[in-house]
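Below is one structure, written out as structure tokens; the observations come after it.
Structure follows, in structure tokens:
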């Protein structure tokens, strides 16, 4: 089952690899073959919001790295100032083309399954705000290091949206059931300090030191026998991943139906209007 | 499934509503239509013990409030000094009429399902001791505030009784598996301070300030978009509720069989004898 | 189901009971009929490693104690200096007889099921290092007291091995999902202090005081009504035990297949070589 999750990937043609460096318009990846550690920088300006193509790029990058036998660990970070990722690109949901809407949600599912179940050790170096989908990416890594004075959380409820069950499952697996219940009910955005206290992140260091801290921690992970570490991860996470795998189609359909409601389109319109006003100030 | 749980209610005829005020002999309810916050005071003297009719009244109250479109949140508290609720009325279990015993346990299940799954935001203002069934009511709310120098816990084991699996599930969802294991094995009653430390309650304030603190917290909950908050709660709790829903009949039968054992009747008799002696002192 | 687990025992003929004292070559057991507390000392020199016969002895001891109506609680400790138990005897896995390999893993499963589900209250007095299988025995008790300056943990990953799912389940039930994920990924051995902080043990006292502390805590457990305490334990643990019960055969087969791989035999050989060198220094 795990291998079927990990293998059913068909690559898009937008990620190239030259020697140890892969490039796409939204992602910059380099692999240190000495240490076996890859670094992936998200650079979809201005806020690394997750649209269809960006989600596919993230997934493709992970798959390509999995196929590189010298690569054992992956550090995810942002190349955009003050934002790790702002989460789902709301424009994908507003006045959508229905087929693209399907593909978008499927791409989000597939990116998550690839990241959550990857045999690579994964560390999020959260060097900026990380709401909603940004939080999902963070909690799907094996370890989280966060810089001070940012926020992180599944704040969907605040926008009148309900987090999908698999966001909830990944959150429960990180901070436990009770804290997840509070987090979802209130759409809570945790400050860096609160996130550390509740176990939503594992370590806090300054933005200047975050890459060094991530490298140091990753060396702990990659020195562990590779196959055993990957199988331990599968042992822990397979059940959670299988819950989505067995209902991917209906999960897509639920999302599409939700988006196409008049009410939802109206609130998205209102929300986007507000965003524009804020920017123009 | 959720809606079937929430809708299959048939009201008893003992709760009346005049304007914003509902009355029964055991419950006093008022709704502030400005804030959308309802306040329910339990007043079944002397200790708010849960008998058949009281359980039905609690459930009816919740159902009625759910049907009031202006009501978004419910604060539960006690109007009886120093006791939030003493839990199940032992007299329902001692020398019972078998049919009433059935109905009693079913009413406990139904009250719990209604409270645990209600789309209303719920806060327990625990202004007195809260053992056994009192603890169940508390942990089924979304948030708990407790006054100092009281006790709370699932202490059934101490009485030679085993908590039903759904009490255990609600406890696990509040304090986690390991603490629940200790709590049940020892029938542990937590002091207010211990309860805070273990996450069994979320906040401690003096009895004088508890209603104000509950109102303040509830304002946080009711300002969240209503439907998204209710659906997040359902997302978290449906699986736990479904476990009982799918076995309600056998759970009733187990309870009835347990109660009707000679041994159990003897210990209940002994326990009630002791209670009488303590009172006459 | 529980009773089937607890009853399907067929005793080996190596444990004798004279009055209140049972003897085998690897275990010393005494029962204090006054308090109902049994003390089991593991003494398979040099490190209480778990081979087929030792596992059977542990299980037989528990079964015999369960049949003693005066016995309510069991304290497990080590009679070997500085080691509680070093875990599985690697010699069972290296160049194995296949039938014995089958029986060995089955004995480990059966010992675990007996210990994890025993109606006796169980306390581990961890007076030495407790890696891998030693940690499993510890986390399968109801309560853990540990002496300072030792280590405990499921460190299988470090050896290139993956902990079986039921080790993982018992660990999750002790320290929660997130800590288990870290523990398994890194094969983490916790110092006594870390173990206390993460909830992997419940109490720390000096080696000199550990037996007294275990006795004191056990008195709390055995004064609770016996049947209710045992049934509460079953209520908590049955689901976890059933996961193994329903797949015992395939779990044995997985283990046997794993062991018989050339790669695994090579690393075991290498590991045993290193052990020898360390000893000869």
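Residue numbers (my numbering), protein chains in the order written: chain A, 1 to 281; chain Y, 1 to 281; chain H, 1 to 281. Where is the CB? At the ideal position from N, CA and C, for every residue including glycine. Treat the numbers as computed from the prediction; the structure is a model and nothing was measured.
- A contact between stretches requires three or more CB pairs, one per stretch, nearer than 8 Å, and the region 56-63 of chain Y meets this requirement with the region 113-124 of chain Y.
- Residues of chain H whose Cβ lies closer than 8 Å to the Cβ of residue 178 of chain Y are, in chain order, 173, 174, 175, 176, 199.
- Residue-level contact check: residue 158 of chain H touches chain A, since one or more beta carbons of chain A fall below 8 Å from its beta carbon.
- By the C-beta density criterion, residue 255 of chain Y is buried, having at least 16 other C-beta atoms within 10 angstroms.
- Here residue 217 of chain Y is buried: its Cβ has 16 or more other Cβ atoms, across all protein chains shown, within 10 Å.
- Not a single C-beta of chain A is nearer than 8 Å to the C-beta of residue 121 of chain H.
- The Cβ neighbour count for residue 153 of chain A, taken over all protein chains shown within 10 Å, is at least 16; the residue is labelled buried.
- Within chain A, the residues whose beta carbon sits less than 8 Å from that of residue 225 of chain Y are 157, 158, 159, 160, listed in sequence order.
- By the neighbour-count definition (other C-beta atoms within 10 Å, threshold 16), residue 206 of chain Y is an exposed residue.
- Distance between residue 263 of chain H and residue 129 of chain A, taken at the CA atoms: about 45 Å.
- Residues of chain H with a Cβ closer than 9 Å to the Cβ of residue 236 of chain A are, in chain order, 168, 172, 177, 180, 181, 184, 185.
- For residue 100 of chain H, the secondary structure class from DSSP, reduced to helix, strand or coil, is helix.
- In the pairwise beta carbon analysis, the region 232-245 of chain Y is classified as not touching the region 190-199 of chain A: fewer than three pairs are separated by under 8 Å.
- As the crow flies, the alpha-carbon of residue 37 of chain A is around 47 Å from that of residue 214 of chain H.
- Put simply, the CB of residue 194 of chain Y is far from chain A, with every gap to its CB atoms at 8 Å or more.
- Using beta-carbon distances, residue 165 of chain H counts as an interface residue toward chain A, with a partner under 8 Å.
- If you draw a straight line from the Cα of residue 211 of chain A to the Cα of residue 226 of chain A, it is about 22 Å long.
- Within its own chain, the residues whose Cβ lies closer than 6 Å to the Cβ of residue 142 of chain Y, once the five positions on either side in sequence are excluded, are 121, 122, listed in chain order.
- In this model, residue 101 of chain H and residue 111 of chain H are separated by some 15 Å (Cα to Cα).
- With its beta carbon at least 8 Å from every one in chain H, residue 242 of chain A lies outside the interface.
- In this structure, residue 76 of chain Y sits away from residue 147 of chain Y, with a CB-CB distance that is not shorter than 8 Å.
- Think of a sphere of 7 Å around the beta carbon of residue 229 of chain A: the chain H residues whose beta carbon falls inside it are 157, 185, in chain order.
- Residue 28 of chain H is a Cβ neighbour of residue 79 of chain H, given a cutoff of 8 Å.
- Listed along the chain, the chain H residues whose CB falls inside 9 Å of the CB of residue 246 of chain A amount to none; the nearest CB is some 18 Å away.
- Here residue 190 of chain Y is near residue 151 of chain Y, since their CB atoms are less than 8 Å apart.
- Excluding residues up to 5 positions away in sequence, 123, 124, 125, 126, 201, 202, 203, 204, 205, 210, 213, 214, 217 lie with their Cβ nearer than 8 Å to the Cβ of residue 145 of chain A in the same chain.
- Burial is judged here by how many other beta carbons sit within 10 angstroms of a residue's own beta carbon; residue 104 of chain A has at least 16 and is buried.
- CA-to-CA, the gap between residue 156 of chain A and residue 174 of chain Y works out to about 22 Å.
- Per DSSP, the unbroken alpha helix (DSSP H) holding residue 193 of chain H starts and ends at 192-198.
- Around the CB of residue 278 of chain A, fewer than 16 other CB atoms lie within 10 Å, so the residue is classed as exposed.
- Residue 114 of chain H counts as buried, since at least 16 other C-beta atoms from the protein chains shown sit within 10 angstroms of its C-beta.
- Check the Cα spacing between residue 99 of chain Y and each of Y:159, Y:198, Y:245, Y:52: the tightest is with Y:52.
- The beta carbon of residue 207 of chain H sits no closer than 8 Å to any beta carbon of chain Y.
- It is roughly 45 Å from the alpha-carbon of residue 247 of chain A to the alpha-carbon of residue 49 of chain H.
- At a cut-off of 8 Å between beta carbons, residue 232 of chain A contacts chain H.
- Within the region 146-199 of chain A, complete beta strand (DSSP E) segments of at least 3 residues are found at 151-153, given in chain order.
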